[in-house]
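Novice:
2 protein chains.
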Amino acid sequence: MKFPLSIDYISKIKKQIGVDTLNNATIREIVQISTIIQKEVDNEPLIRFDKGIPGLPPFEIGVDAEIKALKNGIAAIYPNVEGISDAKEQMSIFYKKFMNLNIGSELCFPVSGSLQGSFASFIVLSKIDAKKKKILFVDPGFQVQKQQCEVLSVDYDTINLPEIRGNKFEKILKGYFETGLYSAILYSNPNNPTWLCLSDVELKVIGELSNQFDIIVIEDLAYFGMDFREDYFTGQEPFMPSITKYTSNYILLFSSSKIFSYAGQRIAMLALSENLYKKEYINLSNTFKNISFGKALINETLDSISSGTCHSAQYAFAAMLQSINNGNKDCINALKKYEKHAKLTKNIFLKYGFDVLYNDDLGRPLADGFYYTIYHPKLDSEELLHSLLQVGVTAISLKIAGSKEDKGIRICVSQIKDEQIELLDARLSMINSIKEKFETNEVVIHYQ
Amino acid sequence: MKFPLSIDYISKIKKQIGVDTLNNATIREIVQISTIIQKEVDNEPLIRFDKGIPGLPPFEIGVDAEIKALKNGIAAIYPNVEGISDAKEQMSIFYKKFMNLNIGSELCFPVSGSLQGSFASFIVLSKIDAKKKKILFVDPGFQVQKQQCEVLSVDYDTINLPEIRGNKFEKILKGYFETGLYSAILYSNPNNPTWLCLSDVELKVIGELSNQFDIIVIEDLAYFGMDFREDYFTGQEPFMPSITKYTSNYILLFSSSKIFSYAGQRIAMLALSENLYKKEYINLSNTFKNISFGKALINETLDSISSGTCHSAQYAFAAMLQSINNGNKDCINALKKYEKHAKLTKNIFLKYGFDVLYNDDLGRPLADGFYYTIYHPKLDSEELLHSLLQVGVTAISLKIAGSKEDKGIRICVSQIKDEQIELLDARLSMINSIKEKFETNEVVIHYQ
């Protein structure tokens, strides 16, 4: 089979997976569709912009440390829920050095992926106060965190970041906070999928309002330092902008998946301020033995979920942090491949009449990094995903990331290979004929 | 400092950890107390019968496979929630060979420890039916599984196995099942902490009642094959007794922690029957996108909790299962150290006036294995834990395992070393003077 694929063929595959529209398909489903298509068009690679998986080899220092720990017999020994001291200490040093944050190693806890950290947090947050039952998400965002709330029957609302930046920001946020319905707000900085970055001014607003209304801020640092407009790894100003400068009501989630290309081992760290750790909520006594937030979260909740985090992976995590703390920038330099591929692929999309959906980052040009969003003025996002899939290019809709826009899709550049850049140009050049058929209504996608 | 320790010293340590009575202390707290004491009485080892951690090196075949996978760069690649095909296939082969169970590899899913499997199951089970909101636990049992329900605000009840065996078993169980309040029943076979083993007859009763009342059975195989009265690794009759012979309403939890001494890597597998996987519960639509039990459990719940299980550990798991499937009994033979230490230490306890609390396993002598329970006719369990701690011997109470008895404690033999067997004799010989002080009320423990 050759590209472009027929609409009928795509429909058949959608049916096979049980997907009605590509616009509603989860990342998992898009990956399933891609896998099937790839098998049937061999020698013709799909260009995969779908799942946000590392496109680099794992940071070797982690692999070496992990192998050493395994050789030392660590596989037999249960990990404590608190985590190994080396990993905790290096996390504390990292935060001091690159975020100018004082946080003790005893407040840093390993989790089986940042997702486990947010999952455990949502459980406790939903029980701290009889009225504050909801989580507020800054959207567009990571779909799985909202899925976590759904699975846990925890209510949530979303605010749409691109719509509320600038002058309106404080007023709108305050409107939500003062309802008294929210225990916490969660955002990722940089933002997945738009790659917008909350500014220091915006973080200050969030921090001050979180103090005023006693709302906990979950700052997801999945893409720490990947706003390449600044170098946040000098150990001096400018430090990575963070909520921790403005409030002690914080939980930080730091993942090894992207910065260290270590997604396979599910190793991340949750940290929280001493103030929040010790803070007592009477309402927790309905559920927990402990009424301090930290003990309910770590000793009861996290401990219940998996009884600690893979032991050898903690040694990898400690070694990788130590290396970066000691000034080794190899893994950061390697990440710049994403920046380069973002620039190159964006230009090709622009050449063929696409545009970047969110390209204004409070007056600054958007950073080039792991993700960006595109649209085509003549196609809605379903037509766009379809057209791209026909020419062998995969992506996910913004709808599943909670975007209010109907026209955008997310491009993740991590998987594209150098030699596929030219291929992308060739594939997009095929798209015009397809696009015209959509425009002239010659082709109508029959949504099932 | 020397043994025996004073009551005052023990009280001081309890206070430091925030423990009122040793009888109510969690395993975690007993471990904390032990760690402090060990530091202050160096050159005098504590004899640790507390936490059920492997006392053997990890099964080397797993370590080798894991190192190989890491060298192949697996650390960068997100694991699928379904798990790697080798691990799934070997689990399926294992069940066929050693349990005579036909279960497809597509129904076996890796989890970050069996605990993650029960945690995810409890979430879905609590939502399948508006009336069946509770879990029924066979006690005494593993405390953390009940803690999981508490954290999730899932109600549960317990039945006390030693009290209800034999003729009463069916009637009592039926009494619970016919209330219509339970979605599932959970037990471990062999049982932690008593090492009682549910017989084929009892499993048949559970299976038939579970069919009659549509109740799901979670069979926790944490100690698979460690009932050393039979060799369940011949690949022929007798097969390991299992609920799967009597009902398709089952979830199996198989852990690598004990059988492969692989507790550090948090790798286990959850399997469920095809029937249960596909079974649709309308009530699930209130929470999930999927109404089939399997998809709600795996694609939505498990996927939300940690987004897959440590990638390299899955390769270890596959290799260890494959080895045992191919007839390598090294890891099983190594486990017999526990059997030997159970026999030896029991005899020493008996010599000093202790007795085994649950020693009648439906007319058969109790198996020697990982755990057993002891009591002293003259001491309640608080006095017993205290006396033992004074002479440098740690254990946990049965109360925290949900036992109705006030006099028993759990002995886990995994950590004792060959050279400590004689030391145990010497330590217990010290206990008589302490015991007498308790008996004559010369010493009274002041519960704070």
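So the protein lines, in turn, are chains A and B. If you count by the working numbering, then the first sequence holds residues -6 to 441, one letter each, in order. If you count by the working numbering, then the second sequence holds residues -6 to 441, one letter each, in order. Glycine included, every Cβ here is placed at the ideal spot set by N, Cα and C. Quick caveat, the model's predicted, so the values are computed rather than measured.
#1: Tell me the DSSP secondary structure of K164 (chain B) in three-state form.
#2: Using only the alpha-carbon positions, how far apart do K8 (chain B) and A306 (chain A) sit?
#3: For L290 (chain B) versus A80 (chain B), is the C-beta spacing smaller than 8 Å?
#4: Report yes or no: do three or more beta-carbon pairs, one from the region 334 to 354 of chain B and one from the region 420 to 436 of chain B, lie closer than 8 Å?
#5: For A58 (chain B), I'd like the list of residues in its chain whose CB is within less than 6 Å of its CB, leaving aside the five on either flank, ordered along the chain.
#6: Candidates B:G228, B:K288, B:I116 and B:N160: which alpha carbon is nearest R21 (chain A)'s?
#7: Considering only C-alpha positions, which residue in the set B:S380, B:L416, B:I252 and B:S396 is nearest to K430 (chain B)?
#8: Given a threshold of 16 other Cβ atoms within 10 Å of its Cβ, counted over all protein chains shown, does L355 (chain A) qualify as buried or as exposed?
#9: So L108 (chain B) contacts chain A; which residues on that side make the cut at Cβ distance below 8 Å?
#10: Which ranges does the alpha helix (DSSP H) cover as unbroken runs of at least 4 residues, wholly within the region 157 to 212 of chain A, from first to last along the chain?
#11: Do K127 (chain A) and Y175 (chain A) have their C-beta atoms closer together than 8 Å?
#12: Taking just the CA atoms, how far does I121 (chain A) sit from S78 (chain A)?
#13: In the DSSP assignment, what residue or residues form a beta bridge with V386 (chain A)?
#14: Can you list, in chain order, the stretches of the alpha helix (DSSP H) that have 4 or more residues and sit fully within the region 228 to 309 of chain A?
#15: In whole angstroms, give me the CA-to-CA distance for I54 (chain B) and Y225 (chain B).
#16: Mapping the DSSP letters down to three states, classify N153 (chain A) as helix, strand or coil.
#17: Would you kindly check if the distance between the Cβ of C303 (chain A) and the Cβ of R41 (chain B) is under 8 Å?
#18: What's the C-alpha gap between E376 (chain B) and H334 (chain B)?
#19: If contact means a Cβ-Cβ distance below 8 Å, which residues of the region 132 to 143 of chain A contact chain B?
#20: Hey, is I46 (chain A)'s beta-carbon within less than 8 Å of any beta-carbon in chain B?
#21: Pull the bridge partners of I404 (chain B) from the DSSP assignment, please.
#22: Say whether chain A places a C-beta atom closer than 8 Å to the C-beta of A256 (chain B).
#23: How would you call Q205 (chain B), buried or exposed, if buried means at least 16 neighbouring beta carbons within 10 angstroms?
#24: Among A:K271, A:I275 and A:N276, whose alpha-carbon lies nearest the alpha-carbon of N292 (chain A)?
#25: May I have the straight-line CA-CA distance separating G66 (chain A) from L49 (chain B), to the nearest angstrom?
#26: Compute the Euclidean distance between the alpha carbons of I86 (chain B) and I211 (chain B), then round it to the nearest angstrom.
#27: Within 7 Å: the Cβ of Y175 (chain B) and any heavy atom of the ligand FMN?
#28: Examine the Cβ distances between the region 96 to 107 of chain A and the region 241 to 261 of chain A and report whether three or more of them are shorter than 8 Å.
#29: Along the region 34 to 45 of chain A, where does the CB come closer than 7 Å to a CB of chain B? Name the residues.
#30: Could you name each continuous alpha helix (DSSP H) segment of 4 residues or more that falls completely within the region 28 to 78 of chain A, going from the start of the chain to the end?
#31: What residues from chain A crowd round P51 (chain B), counting only those whose CB sits closer than 9 Å?
#32: Would you call the CB atoms of S254 (chain B) and P72 (chain B) closer than 8 Å?
#33: Does any C-beta atom of chain B lie closer than 8 Å to the C-beta of F112 (chain A)?
#34: Check each candidate in B:S235, B:N321, B:E156 and B:G134 and name the one with the smallest Cα separation from A197 (chain B).
#35: Using Cβ-Cβ distances below 7 Å, what residues of the region 154 to 172 of chain A are close to chain B?
#36: Within the 8 Å Cβ cut-off, does A442 (chain A) reach chain B?
Specialist: This is what the structure gives:
#1: helix
#2: 35 Å
#3: no
#4: yes
#5: Y308, A309 and A312
#6: B:K288
#7: B:S380
#8: exposed
#9: S297, I298, S299 and S300
#10: 162 to 170 and 193 to 206
#11: yes
#12: 29 Å
#13: A:I40
#14: 267 to 271 and 296 to 299
#15: 21 Å
#16: strand
#17: no
#18: 25 Å
#19: V137, Q140, Q141 and E143
#20: yes
#21: B:Y365
#22: yes
#23: exposed
#24: A:K271
#25: 10 Å
#26: 20 Å
#27: In the structure shown, the ligand FMN is absent, as is every other ligand, since no ligand is present at all.
#28: yes
#29: none
#30: 53 to 64
#31: L63, G66, I67, A68, A69 and I70
#32: no
#33: yes
#34: Inspection of the sequence shows that residue 197 (chain B) is occupied by Lys rather than by Ala. When each option's Cα is compared against that of K197 (chain B), the closest is B:S235.
#35: none
#36: For chain A, the structure presents residues -6 to 441; residue 442 (chain A) sits outside this window and is missing.
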